[in-house]
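Scroll down for the structure; my scribbles are underneath it.
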Amino acid sequence: MLLNFISSLKGTITVMLIVGASSIFAWMIARLQISHQVASWVSSVCSSPLEALILINVIVLFIGMIMDPTAALTILVPVFMPIVNQFGISPIHFGLVVILNLMIGLITPPVGYLIFLSANIAECEPIKVLKESLPFLLSLLGLLILLILVPEFSTFLPDLLFK
């Protein structure tokens, strides 16, 4: 029982260190007003909400491939929220798109954290796990494209319940 406690304590400490470090980084981003600079850059580059959402998707997908999702959420959401508000994108829609991007990043190389974790559990090569996960990756990409092009899929039920 003590070994289980120590094991769970190690996992908790790891997550808390990641959250703590990313929170400090997010505070620095807020203090330096980087989110306003990014928002003005995106508004100068993009002219429609769809263009802004696609640009945000590319950035979040890239960051999701190399960074822990908890840290990515803590750092990126405060940066992109002014852009979301400026272009009139629903925060619910934006949240689901970001979460889906980070899910895709977890199973996509170069880091592909879940690929290596699954290969370790299954005691096989990561390339084999990657090949087996391709249908899931393609379905997540299809869902992401559908969610970007038809935002009502993510906002229909909340709009129905809260309006």
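The opening residue of the sequence shown carries number 248 in the numbering used here; numbering runs sequentially from there.
All C-beta atoms in this analysis are idealised placements derived from N, C-alpha and C, irrespective of residue type, glycine included.
Supposed contact pair I330 and A286 - C-beta distance, whole angstroms, cut 8 Å: Correct: roughly 5 Å between the Cβ atoms.
Would I351 and L308 be called neighbours here (beta carbons separated by less than 8 Å)? Yes; because the gap between Cβ atoms is below 8 Å, this pair is in contact.
Cβ-Cβ distance between A197 and L349 below 8 Å: No answer is possible for residue 197: it lies beyond the span of the chain, which begins at 248 and ends at 410.
S401, enclosing alpha helix (DSSP H) - first and last residue: Segment 399-409, the alpha helix (DSSP H) holding S401.
In the structure shown, what three-state DSSP assignment does T355 receive? Of the three classes helix, strand and coil, the one that applies to T355 here is coil, per DSSP.
Would you tell me roughly how many angstroms separate the C-alpha atoms of I276 and V326, rounded to the nearest one? Across the structure, I276 and V326 are spaced so that their CA atoms are roughly 8 Å apart.
In angstroms, rounded to a whole number, what distance separates the CA positions of F403 and L394? Answer to the nearest angstrom: the Cα atoms are 12 Å apart.
Quick one: give me the first and last residue of the alpha helix (DSSP H) that L297 is part of. L297 -> alpha helix (DSSP H) spans 296-313.
Buried/exposed call for G311, threshold 16 Cβ in 10 Å: Its Cβ being crowded by 16 or more others within 10 Å, G311 is buried.
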